[in-house]
Amino acid sequence: MDYNFTEIEPKWQKYWEENKTFKTIDDFSKSKYYILDMFPYPSGAGLHVGHPEGYTATDILSRYKRMKGFNVLHPMGYDAFGLPAEQYAMQTGTHPATTTQKNCDNFRRQIKAIGLSYDWDREINTTDPRYFKWTQWIFKQLYNTWFDHEQQKGRPISELPVPEEIIAEGKEAINKYISQKRLAYYDNAQVWWCESCKTVCANEEVLTDGAHEKCGNQVIRKNLKQWLLRIPHYSERLLDGLDGLDWPTGIKDMQRNWIGKSTGADVDFEVEGLNEKLRVYTTRPDTLFGATYMVIAPEHKLVNAIVTEDQKEAVEKYQTASALKSDLDRTDLAKEKTGVFTGRYAINPVNNQPIPIWVADYVLMGYGTGAIMAVPAHDTRDFEFAKQFNIPIICILDPKEVEGREEILAGNKCWYEDGVYINSASDETGLKINGLNKAEGIKKTVEWLESKNIGRATTNYKLRDWLFSRQRYWGEPFPVIHWEDGEVTLVEDENLPLELPALEKYTPGESGESPLVNAEEWLIVTDKNGRKGRRETNTMPQWAGSCWYYLRYIDPLNEKGIFDVKKEQYWMPVDLYVGGAEHAVLHLLYSRFWHKVLFDLGIVSTDEPFQKLFNQGMILAFAYEAANGSKVSSDLVEEKGGKYFHAETGGELKQIVAKMSKSLKNVVNPDDVIQKYGADSLRLYEMFMGPLDERKPWAEKGVKGVFNFLARAYRFFADTTNIVEETEDKEIAKLLHQTIQKVEFDIEHLKFNTSISALMIFNNLVIKKGKVSKNTAETFAKILAPFAPHVAEEFWEFYGHKQTLAYENWPNVDKGLLVENTFEYPVSFNGKTRFMKELPLNLQIPEMERAVLADERTAKWLEEKQIRKIIIVPGRIINMVIG
RNA sequence: GCCCGGGUGGCGGAAUUGGUAGACGCGCUGGAUUCAAAAUCCAGUUCUGGCAACAGAGUGCGGGUUCGAUUCCCGCCCCGGGUACCA
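The numbering used here numbers the first residue of the first sequence as 1035 and each following residue consecutively.
See below:
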């Protein structure tokens, strides 16, 4: 009986498809389980073996949960807007929709060949007008929502209270006021611009070295009219929500860092000879006594007022210079700090001392107030700056028993941890914190500031407004019209979706406009009064479609609404969401933001979308490196006796592990693996490689290993002569139930590698025994089914069943079979295991002691030694302390 | 620099969370089968010494706690990811 996977697998894939085996019914009486994969961008290259890693894991869990009686929602779709299809259109004139369609068809074919149990009737595609109609609809909700900070909740814009004085100013002022509150707004924004892609990018899409994440080109700053979303309003909610989620701590930490909450105080400083106050934000108001200078950002609006006549030239020169610098230059840590004295002094409110005001670009306009008080003794950046410009450094926090304390007290070393205040009291102002520690100092100083009305406790966040438009064709059009009189209106719901016009040319406008400006007929609109308007030519970023797709799977064909309310209440939240960690902050933060807005508006029933998140690790591949460190393409590598050589130069190469890449020619295509070993082997190997969340290299030899397991299992379990109608052998029965238990536990904990190992161990035993009862064989087929569903269905049919086993009950563990009467104890002397001794588990400790002492092997280890102590842990170990 | 992960045989990785380190798989060695090979089956395989029984060493490094540490604590080193003048 040969394991003929090329026959078995298409047979069952056809069966599942024809019988709609995995169609999900909205049966509200059953317990639900919503298990979601991050949907792919359908690239022209097709799947690589990294995709099926997460997909297989969720498929195993889905199949298992079905057998456990759950109603499982397990859908797939495509995040299909994106630049590659548009770039291809520019080169060839092929409509992006055509390219996208083709790529999706290929992805679907590849995914189906893996035997994944998706409900294909729920497939969605973000570029489908029936889908993006609702993306546009959500945009309208964002536009028509404001955030009530008091209630910490998004509310309809119609409920926004407008102050009397604004109403008095008239309609224009009211509209302006309202637009300042909308979660989506249109404004001039300093944005990142990629000259090669001819589009703006969100902060998050710019890498730390200033390169565009998508293309690697260096981005520049540009001022453009853009759509932005006020995600920072939801900072606190986004932070709070994390606590209740079952997510990897690393991802939660990354989101927390990204939101970047900090608490401190705003403090107002009088400026000498000027009727202006300089407001700073500090997290360390307690160190005010140590403030020896102040810094304002070069773009600060008070710079011109503060700078004195004789410093004017130098400051202006500095402002110009830093305006020209890219953000990369400004944030490059390697460089030295720069700055210029303004010539003017501020008054430190805690002791009325004048301190110089400097302009320096290490202070950023976009955070806090764009101005700081500098405490060089207790802040490393200020310390560096003060050293450079010979500004006094006054230590006000005694670190006490710390190495280098003298240096710190002398102001030669920076100290930013806790301590006891010194030099921190003023009779004149009444603030005295000497002797207190950091926490007490902060509290007392803030109270003092507030009582004098010169400062207040404040919270700041790093999170910025989300730049939500792109100068692209292949994205969702904004349902927005800009009228000639300046009014902005949204397209009526009944006129959604607003579809993309056909274009002849996909090249973007030079001035930074999207290709949509070329579609004149689409672009220009006239209302019933003859007023002319122009449609928004920007389109939404790719994040838009992926922000809410998990909601559409719930009711994908609904034409009347975004989804049915009852269905949403039944299926949400997503119970398990599996995907790559590269979406840790972007997609997952954006999604959570939209979801919370929809929740506040009463559209969805849960505050958070994804209850449990799991990140699969990246699949890497072997690559080869020459002696000089250069990488060698895999097709030029020859293996001889476990060593690797360059096919042309003959030089020995080192095997390394690297990301799969076209240039290294080490990309593995699942199609090839399936052709050679079958889908069940592909699935098994994806899971057997190692823990799901770890990065690990693909090794074809490993695929062979799991293939051997399936082939061995097939030869045994598909052979009638091995399957007998008898009561089961005791050893097999016991191991079978241990295996059920192990597999079940491991699936629940997403430890698929060890569950497969357990199945192998069982397989090895029955083959050794030579025969097995029919009942056992059927049970084995069931527990194998989530992992290798094709071959499991084949066994099931072979044992005479007419229906799929996809909905058979998961076998129960017979606990009675697992009870052990004896245990083989490792007997150790001083912690070193010396021999094994089997003892009944019901033996009392003194009896056990006697039994071990009576053992002749014990005597050997006791020669000339005394027993000091005997440690016995029933069911675990026996250890004798001798000496 | 800071925040997360992670370092275990020739390789991928196990270890019920303090109790026999190396499950399972790959590779390798020997044997069976075969004219031969592939496939398959059986045995062995952490390292060092020994024919063997056995002995010693061993989970990145150095300390510590413990009868007992891959697991807990302290101090380092290396690799991966994130972040970066956020006051």
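Just so it is clear, CB atoms sit at the ideal spot from N, CA and C, and this is done for glycine as well. These figures come from a predicted structure and were not determined experimentally.
Taking the C-alpha atoms as reference points, what is the distance between residue i and residue j?
i	j	result
Lys1054	Ile1766	36 Å
Tyr1112	Thr1403	43 Å
Asn1468	Ala1325	16 Å
Leu1001	Leu1217	Past the boundaries of the shown model lies residue 1001; the chain is included only from 1035 to 1917, so the question cannot be answered.
Lys1205	Glu1229	39 Å
Met1288	Pro1282	10 Å
Gly1400	Ala1331	9 Å
Arg1164	Glu1682	55 Å
Ala1713	Phe1743	14 Å
Asn1471	Tyr1450	12 Å
Leu1873	Pro1860	11 Å
Phe1062	Ser1625	26 Å
Ala1405	Leu1623	29 Å
Ala1657	Leu1726	22 Å
Glu1157	Pro1549	29 Å
Val1638	Phe1115	25 Å
Leu1716	Leu1532	42 Å
Ser1807	Val1691	45 Å
Ala1223	Thr1354	20 Å
Gly1850	Gly1595	53 Å
Gly1438	Pro1426	19 Å
Lys1248	Thr1134	18 Å
Thr1813	Val1619	43 Å
Ile1901	Glu1883	12 Å
Within the same chain, show all residues whose beta-carbon is closer than 7 Å to that of residue i, passing over the 5 residues directly before and after it, in chain order.
i	result
Glu1827	Trp1046, Thr1838, Leu1839
Glu1484	Arg1490
Lys1903	Val1915
Asp1155	Lys1057
Glu1518	Arg1565, Lys1566, Gly1567
Leu1263	Leu1176, Leu1217, Ala1218, Asp1499, Trp1500, Phe1502
Asn1864	Val1915, Ile1916
Leu1336	Glu1310, Leu1312, Ile1330
Val1886	Val1861, Lys1871, Thr1892, Ile1912
Thr1492	Gly1298, Ala1299, Asp1300, Tyr1315
Ala1819	Arg1097, Ala1826, Leu1839
His1771	Val1847, Asp1848, Leu1851, Leu1852
Please name the residue in the options whose C-alpha comes closest to that of residue i.
i	options	result
Gly1636	Met1101, Ile1059, Arg1490, Gln1175	Gln1175
Ile1148	Phe1750, Ala1681, Tyr1719	Tyr1719
Arg1189	His1183, Thr1179, Glu1198	Thr1179
Ser1460	Thr1479, Lys1472, Asn1471	Thr1479
Ala1536	Ser1548, Gly1520, Ala1553	Ala1553
Asp1561	Asp1277, Val1525, Gly1088	Val1525
Val1329	Gln1345, Leu1312, Asp1344, Glu1343	Leu1312
Thr1124	Lys1136, Lys1232, Glu1184	The identity of residue 1124 in the sequence shown is Met, whereas the question assumes Thr. With distances taken between Cα atoms, Met1124 lies closest to Lys1232.
Asn1876	Arg1884, Lys1866, Glu1854, Asp1889	Glu1854
Closer than 8 Å by C-beta to residue i: which residues in its own chain qualify, once you throw out the five before and the five after it? Chain order, please.
i	result
Ser1862	Arg1868, Ile1911, Ile1912, Asn1913, Met1914
Pro1383	Val1301, Asp1302, Phe1303, Glu1304, Leu1322, Thr1463, Leu1483, Lys1486, Ile1488, Gly1489
Closer than 6 Å by C-beta to residue i: which residues in its own chain qualify, once you throw out the five before and the five after it? Chain order, please.
i	result
Ala1792	Thr1773, Lys1776, Val1777
Ile1265	Trp1500, Phe1627
Leu1367	Summary for Leu1367: the model assigns pLDDT 46, below 50, so the residue's position carries little reliability, and this model does not support an answer.
Is there at least one non-hydrogen atom of the ligand NAD closer than 7 Å to the beta-carbon of residue i?
i	result
Leu1632	Absence of the ligand NAD is noted for the structure shown, with no ligands found whatsoever.
Query raised in the report: Whole alpha helix (DSSP H) runs in the stretch 1651 to 1739 with 4 or more residues, listed along the chain?
Result: 1704 to 1711, 1713 to 1722
Query raised in the report: Counting Cβ pairs closer than 8 Å, one from the stretch 1283 to 1299 and one from the stretch 1369 to 1383, do we hit at least three?
Result: no
**Report entry** In chain order, each beta strand (DSSP E) run of at least 3 residues that lies wholly inside the stretch 1129 to 1190
**Finding:** Complete beta strand (DSSP E) runs here, min 3: 1179 to 1182, 1187 to 1190.
Query raised in the report: Any chance the stretch 1067 to 1078 sits against the stretch 1193 to 1201, with 3 or more Cβ pairs inside 8 Å?
Result: no
Query raised in the report: Counting pairs of beta carbons, one from the stretch 1126 to 1143 and one from the stretch 1556 to 1572, are three or more of them closer than 8 Å?
Result: no
Query - 4 or more residues per run - each alpha helix (DSSP H) lying fully within the stretch 1040 to 1124 - result: 1085 to 1101
**Report entry** Ranges of the alpha helix (DSSP H) found wholly within the stretch 1315 to 1398, counting only runs of at least 4
**Finding:** Unbroken alpha helix (DSSP H) stretches of 4 residues or longer found wholly inside the stretch 1315 to 1398: 1337 to 1340, 1346 to 1358, 1361 to 1365, given in chain order.
Query - Stretch-stretch touch, CB-based, cutoff 8 Å, three pairs: the stretch 1644 to 1657 with the stretch 1314 to 1324 - result: no
Requested in this report: State whether the stretch 1506 to 1513 contacts the stretch 1115 to 1131, with contact taken as three or more CB pairs (one from each stretch) at a distance under 8 Å.
Outcome: Counting Cβ pairs under 8 Å, three or more are found: they touch.
Query raised in the report: So, do the stretch 1652 to 1666 and the stretch 1088 to 1108 have three or more beta carbon pairs nearer to each other than 8 Å?
Result: no
Report task. Could you tell me whether the stretch 1757 to 1771 touches the stretch 1695 to 1706, where touching means 3 or more Cβ pairs closer than 8 Å? Result -> The stretch 1757 to 1771 vs the stretch 1695 to 1706: no contact.
Requested in this report: Any chance you could list the beta strand (DSSP E) runs of at least 3 consecutive residues sitting entirely within the stretch 1596 to 1620, in chain order?
Outcome: 1610 to 1614
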